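Worksheet: one structure, shown below.
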Amino acid sequence: MKEERILLVDGHALAFRAFYALPELNAPDGMPTNAILGFLNMLLKIINDENPDQVIVFFDAKGETFRHEAYKEYKEGRPPTPEEFKSQLLLIKEIMKYLGYPVIEIEGVEADDAIASVVRILEGKGSALVLTADKDMLQLIRADVKVMRPIKGVSTFKVYDEKTFEEEFGFPPSSFPDYLSLIGDKVDNIPGIPGIGSKRASALIQQYGSLENLYEHINELPQKIASSLKDKKDELFQWRELIRLRDTLCISPDEFKGGGERNNEALIGIFQRLGFKQIPERLGLRVKDVDSRETRSKAGEGEKTPNTEESQDWSKIVALAFEGRGRYPQSFALSRCVLAEREGSFYLLEPKGDDDYDALVEKLREKEILIWGFKEFTTSIKKAPFEKDKVWDGKIAYYLLHPDKSSSKEGLAEIKKMLKSEEGLDKEALSLFDLYGKISSEMDEALHGLMYRIDIPLSVVLSRMERKGIRLDLDHLWKVKQELERTLDDVKASIDMAAGYKVNLNSPKQVGWLLFDHLGLPVIKKTKTGYSTDVTVLEELSRLDRPEALVAKLLLDHRELTKMLTGFVQPLIDAIDPKTGKVHTTFEHTSTGTGRLSSRDPNLQNLPAYGDWAMKLKEAFVPDRRDGIFIAADYSQIELRVLAHISGDKKLCEAFERGRDIHAETAAWIFGVDTEKVSPELRRMAKMINFGLLYGMTPYGLASRLNIGREEAKTIIDRYFSAFPKVGDYIEKSYEEARKRGYTLSLFGRRRPLNEVTTVVGNSTAALKRVAINTPIQSTAADITKIAMIRLDEALQRENIDAALILQIHDSLICECSAKDEEVVSGILKESMESAVELSVPLEVNLKSGRTLAEV
DNA sequence: GCGATTGA
DNA sequence: TCAATCGC
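For what it's worth, the working numbering labels the leading residue of the first sequence as -11, then goes sequentially.
Listed below in structure tokens is the structure:
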């Protein structure tokens, strides 16, 4: 196997050397160029001589480093960096990018530490050449690491390897920091030991090897030297630490491979401006004279560059890949992050404090940002980092195109292939550019609108909700838990007694055996694998007039209690963050086929709503502050209203415009009675039909829910459609249109390709029909709530009101605020939700407030 | 009807 | 993987 050789360039030191070594030189426009010219000459010479397999250029990023913290005098007294140098440094970085060499600057890390880290990681994997002007770096020398330094001017270099180093200094490179700390370093403001110069220091290290050993034998030294050494002992060790390079960063050179391509066009432009002739020649570039532009294009060399064929201004676009650590969301923090530009320059950040985040935000100013997972990134830096319309989120874009794929297995594989994320953040960042190119062209105007106006702004809102969390009263929850456990034990005992046999009540299989084989109860329903024992079956059994019905009754209780305990109480207790005393759910906005949100860890969107136990459970959800309250705002019948709007059915619309009880109204029309005379039973049936409609329920499904015959169900459905003909038309048309288009379409343009719907078992036509009917309605409703959330968030920020959105349950939003703000927050909630969109029917919102979630 | 979660 | 059950 051929060993790779990598050239690591200490850009800052080398350019600085060139700046002072060369006389003042200027471009035609007056721009100083000596550092650029000197630097390029050195770099190109070495590349030419050594022919490395890979080149990486490192620069110091601004910001204090650990050395400043450890030693306040560090680099003190150094004159400020001359402006003429700074401007050249910027251009050097630019040229490096266009040459296709990765440029690495890491906030708060000096270039030589970064190089040291790469050298450490490279150990045993390949050899390295370090090009620097800084003698400190000689400590990096190893069998497979050489260091090259310019001596006198910029044209001659000295190459140090293990052998030449020992020849010159007489001790191994690893002792170099000990040696340097003795003689000091003027440049870094390290004074060294008075009376010890290079000669004596070298002799001492040769003899004793290290500072530690030197102090062991301090009595063997001449009196004078020994006493100044004793005087400065602490400082000396501190200096050595400053001089030692920190190689603890994790930078793998592999991550930068194939980083960028050479951009000849851009290089020619720069060199032309600088008036350079020789450099472009050495690079094989032809610099045209300023006024020969036209002739050249006429000559038509046919040389295409990436930038000319695309209208994108790639320099304004930066890709951001990131990694976080800690539990999501409450303690999730950015651990590493890479910014990449399209030509392959990188900027690495391992943030530690707020300043680092600010620096990152600064870096991103004025840029378009490509990212994967904007919500997660926002959470990791704990604030909205930039203008929302500047963000392009690949995760969202992919989801908008393939809502059913983005959470499935093949979808994941597809993304992995595109992002190559297993190869490191740098590759991931770069591949975002590919993804952007591929996906953007597939997205139509409407999908773009959804991304920029809904899903990306929503990311920020969701991130805030996740981090805020909801407080739980653990004492109360414990009491509920114990009460449940006690009751459950009683129920279990009763079942054992009544059944005369002990089985695992959590196992449907064993329960089935108990009920049907052991007790001989009649089989009501079967599943694919055996007896069905679901609620409807148990309810029917419990109505039977025989003693074994008691077992079914008790089983129903058992089901409810175990669901409560293992499904809600225990998971909630486990989910409480011990530090905050809250639960922090994660809202996924790129996981459902219809565009709804989902909630997990814990799922707070499926808390039981009715019943004593549900209330007891919800009493545990309390406001974060003493005077706090919850305000819940629910859309009334949002999906039916959307159906009314989409279908344009006159009667349905009218019913909503007049603010009627929609289920009673439906019953009146179906069964041909006066609205006032609708019995609760008829209303219940109408309600079932309305829901069934929305879910695309079949006559069979309706029959089983209403516990009526299939024929009867069909009659009712027929009567519904003759009462609301336009709804019937919509249902007829929606599937055909979706099939023709290949995807369903919501009011806001949200799509769902039918052939990607995997959730449907067997992909039967009937199932697809249901999807085609239901998805546009559910998607539209989901988007209305999302818009309301964004508007609410904006309004709360704008009015500077101390209230927080804490929960979304599809058609309901729950806020937390101080009791004294109840009225104003209620007003804003209602207004944000009701005017989120203008449909042909009004949107109505019901409000409720209370001290716990049980009250709202 | 869908999504999430649990337990066997 | 499936059945069951909570929400919408």
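Backbone N, C-alpha and C fix where the C-beta goes; we use that ideal spot for every residue, glycine too.
Fair warning: this is a prediction, and the values are worked out from it, not measured in the lab.
Among the options, the one whose alpha carbon lies nearest that of residue i
i    : options                : result
D344 : K355, K370, E356, E364 : K370
R234 : G172, A99, E699        : A99
V844 : A770, E642, A691, E607 : E607
L13  : Q76, L418, L640        : Q76
D790 : G272, E95, C805        : C805
K383 : L308, G314, S323, E338 : L308
D377 : P391, S394, I359, D392 : I359
I427 : F46, R55, L273, I403   : I403
L670 : G680, F659, N678       : F659
F145 : V133, D37, Y683        : D37
L327 : E269, R315, L420, C238 : L420
E433 : A385, L465, K220       : A385
L845 : L87, R66, K50          : Because the chain spans -11 through 844 in this model, residue 845 falls outside it and cannot be assessed.
M125 : K140, V349, V147, D461 : V147
G197 : R698, F157, K220, I231 : F157
Chain-order list of residues whose beta-carbon lies under 7 Å from that of residue i (same chain, five-residue window excluded)
i    : result
G518 : K497, G500
M603 : A842
Counterpart residues of residue i in DSSP-defined beta bridges
i    : result
P20  : N14
E576 : S586
Q42  : I(-6)
K514 : Y519
D565 : K570
W380 : L358
K146 : R137
C641 : None; C641 has no bridge partner.
P596 : Its beta-bridge partners do not exist; DSSP assigns none.
Q796 : L801
R313 : A321
L336 : I94, V326
T732 : R740
S837 : I619
G114 : E(-8)
Cβ shell of residue i (< 6 Å), same chain only, five flanking positions each side left out
i    : result
L509 : L503, L529, E536
N492 : Q498
W601 : M552
S451 : K363, T366, T367
T283 : With a pLDDT of only 32 at T283, under 50, the local geometry of the prediction cannot be trusted, and the value read off the model is given with reservation. Counting only Cβ-Cβ distances below 6 Å, and skipping sequence neighbours, we find nothing.
L784 : A791
E289 : Unreliable positioning characterises E289 in this predicted model, as indicated by a pLDDT of 37, which lies under 50. The coordinate reading is nonetheless provided below. Cβ neighbours of E289 beyond the five flanking positions: none.
Sequence-distant residues of its chain with Cβ nearer than 8 Å to residue i (five each side left out)
i    : result
T120 : V(-3), D(-2), A1, L2, D100, I103, V135, M136, R137
V479 : L542, D545, H546, L549
K514 : S520
G172 : I178, P179, G180, I181, W227
I442 : F736, D771, K774, I775, I778
K218 : I206
For residue j and residue i, believed in contact at Cβ under 8 Å, the rounded distance
i    : j    : result
G332 : G248 : 2 Å
A691 : Y723 : About 22 Å separates the two Cβ atoms, so there is no contact after all.
F709 : D637 : Not quite, the Cβ-Cβ distance comes to about 10 Å (not below 8 Å), so this is no contact.
G457 : Q318 : 6 Å
V610 : R459 : 5 Å
R786 : T763 : Wrong, their Cβ atoms sit about 34 Å apart, outside the cutoff.
K304 : E356 : 6 Å
8 Å Cβ cutoff met for residue i and residue j
i    : j    : result
A261 : D17  : Note on identity: in this sequence residue 261 is Arg, with Ala being the wrong assignment. In contact: R261 and D17 (Cβ atoms closer than 8 Å).
M777 : Y623 : no
D827 : R584 : It should be noted that the sequence gives Leu, not Asp, for residue 827. It is not a contact, given that the beta carbons lie outside the stated cut-off.
N22  : P11  : yes
F334 : P68  : no
T574 : D562 : no
S240 : I109 : yes
I129 : P165 : no
L742 : T753 : no
V448 : A372 : yes
I94  : L337 : yes
V812 : H633 : no
L890 : I619 : Nothing can be reported for residue 890, as the shown portion of the chain is limited to -11 through 844.
M453 : L780 : no
I258 : L28  : no
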